[in-house]
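Residue numbers (our numbering): 5 to 285.
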């Protein structure tokens with residue numbers, strides 16, 4: 005309608021071209037748009053991730069600066085929004101699915117169960133079988149090559165870093181946080197991953213995998229659901245023992261947050277920290 009009015013005016017009384025352009029610009033009909041910068045494209049690319057955080061976190065972490073990190077409680081491969089976030093990462097990096105490699109870290113789920121009646125060897129084989137099933141599910145859901153890397157099998161950080169450097173993404177699964185933390189530090193994983201993530205590796209942390217991504221794993225004590233006794237001889241009162249990877253710039257995380265159960269615990273314990281704590285539903 006505005007354009008028709010302008011054309012009528014031009015037909016009745018021609019105006020200088022400059023005046024017409026100024027008028028059109030003021031009416032927001034005609035404008036020049038500069039190419040979008042890479043930073044703007046990055047913001048748009050992670051809109052699905054930010055939407056996920058708004059829906060699932062008690063304290064929103066949509067301001068997260070590390071765009072290639074997703075931390076959650078569960079359900080990554082079954083949630084289309086989360087899968088979309090991963091696909092957008094792949095599109096941005098422009099790597100073909102057939103060449104994309106994801107390292108699946110099932111170490112937290114390898115912790116021995118003190119209540120299990122199975123012989124230790126049989127129980128271990130069962131957990132390894134379950135890890136293979138999980139890795140296949142991840143591969144089918146995301147359409148990428150998945151390889152299992154159990155941190156318990158690595159004692160040389162250089163060997164592990166060389167191994168992990170061949171992957172574009174890492175998926176750290178849930179289980180016993182203390183078991184995962186111990187072998188994360190012992191294998192060198194906790195020192196290697198921050199460097200790789202800084203260089204673009206995608207980090208997906210589920211449950212225990214989300215906790216160790218924070219500044220401290222002290223949040224694993226708050227609910228009393230994970231037993232620190234699965235790793236004998238570790239003094240968990242030492243700050244170095246509970247030091248997380250701090251992938252998200254001075255934040256820690258409490259997954260599986262249920263306000264009806266954990267609100268008071270969260271409010272009391274989070275005040276003891278010297279940094280922000282994010283509760284994830």
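Heads up, the beta-carbon is just placed ideally off N, CA and C, and yes, glycines get one too.
Since the structure is predicted, the reported quantities are computational estimates derived from the model, not experimental observations.
Cut-off 7 Å between Cβ atoms - residues of its own chain near residue i, not counting five sequence neighbours on either side
{"i": "residue 144", "result": "none"}
{"i": "residue 193", "result": "155 and 164"}
{"i": "residue 115", "result": "179, 180, 183 and 234"}
{"i": "residue 212", "result": "112, 178, 179, 180, 181 and 184"}
{"i": "residue 219", "result": "248, 250, 254, 255, 256 and 279"}
{"i": "residue 245", "result": "238 and 239"}
{"i": "residue 221", "result": "181, 185, 215, 246 and 248"}
For residue i, the residue or residues it bridges with in DSSP
{"i": "residue 108", "result": "152 and 175"}
{"i": "residue 256", "result": "281"}
{"i": "residue 96", "result": "Answer by DSSP bridge pairing: none, since residue 96 is not bridged."}
{"i": "residue 76", "result": "210"}
{"i": "residue 220", "result": "247"}
Cβ neighbours of residue i in the same chain (closer than 6 Å, five flanking residues each side left out)
{"i": "residue 158", "result": "164 and 191"}
{"i": "residue 161", "result": "192"}
{"i": "residue 93", "result": "206"}
{"i": "residue 346", "result": "A question about residue 346 goes unanswered here, because the residues of the chain that appear run from 5 up to 285."}
{"i": "residue 243", "result": "none"}
Cβ-Cβ separation, residue j to residue i (assumed contact under 8 Å), whole Å
{"i": "residue 135", "j": "residue 113", "result": "7 Å"}
{"i": "residue 104", "j": "residue 72", "result": "Contact doesn't hold; Cβ gap of about 14 Å is too wide."}
{"i": "residue 177", "j": "residue 108", "result": "7 Å"}
{"i": "residue 78", "j": "residue 210", "result": "6 Å"}
{"i": "residue 76", "j": "residue 175", "result": "Contact flag wrong, Cβ pair sits at about 11 Å."}
{"i": "residue 153", "j": "residue 138", "result": "13 Å between Cβ atoms; not a contact."}
Same chain only: Cβ atoms within 8 Å of residue i, ignoring 5 sequence neighbours per side
{"i": "residue 223", "result": "215, 256, 257, 258, 273 and 281"}
{"i": "residue 130", "result": "122"}
{"i": "residue 201", "result": "70, 72, 73, 207 and 251"}
{"i": "residue 270", "result": "62, 226, 258, 261, 281 and 283"}
{"i": "residue 81", "result": "87, 141, 142, 145 and 146"}
{"i": "residue 97", "result": "172 and 204"}
{"i": "residue 151", "result": "105, 106, 107, 108, 139 and 171"}
{"i": "residue 169", "result": "200"}
{"i": "residue 124", "result": "116"}
{"i": "residue 99", "result": "172"}
Local conformation of residue i per DSSP, three classes
{"i": "residue 189", "result": "helix"}
{"i": "residue 247", "result": "strand"}
{"i": "residue 181", "result": "helix"}
{"i": "residue 121", "result": "coil"}
{"i": "residue 81", "result": "coil"}
{"i": "residue 229", "result": "coil"}
{"i": "residue 242", "result": "coil"}
{"i": "residue 116", "result": "coil"}
{"i": "residue 157", "result": "helix"}
{"i": "residue 37", "result": "Here residue 37 scores only 34 on pLDDT, less than 50, and its place in the model is too uncertain to base an answer on."}
{"i": "residue 71", "result": "coil"}
{"i": "residue 162", "result": "helix"}
{"i": "residue 137", "result": "helix"}
{"i": "residue 275", "result": "coil"}
{"i": "residue 236", "result": "coil"}
{"i": "residue 31", "result": "With a pLDDT of 45 at residue 31, under the threshold of 50, the modelled position of this residue cannot be trusted, and the question is left open."}
{"i": "residue 169", "result": "coil"}
Check whether the segment 228 to 238 touches the segment 174 to 194, taking contact to mean three or more Cβ pairs, one atom from each stretch, closer than 8 Å. yes
*asked:* Would you call the segment 195 to 202 in contact with the segment 239 to 256, where contact means no fewer than 3 C-beta pairs closer than 8 Å?
replied: yes
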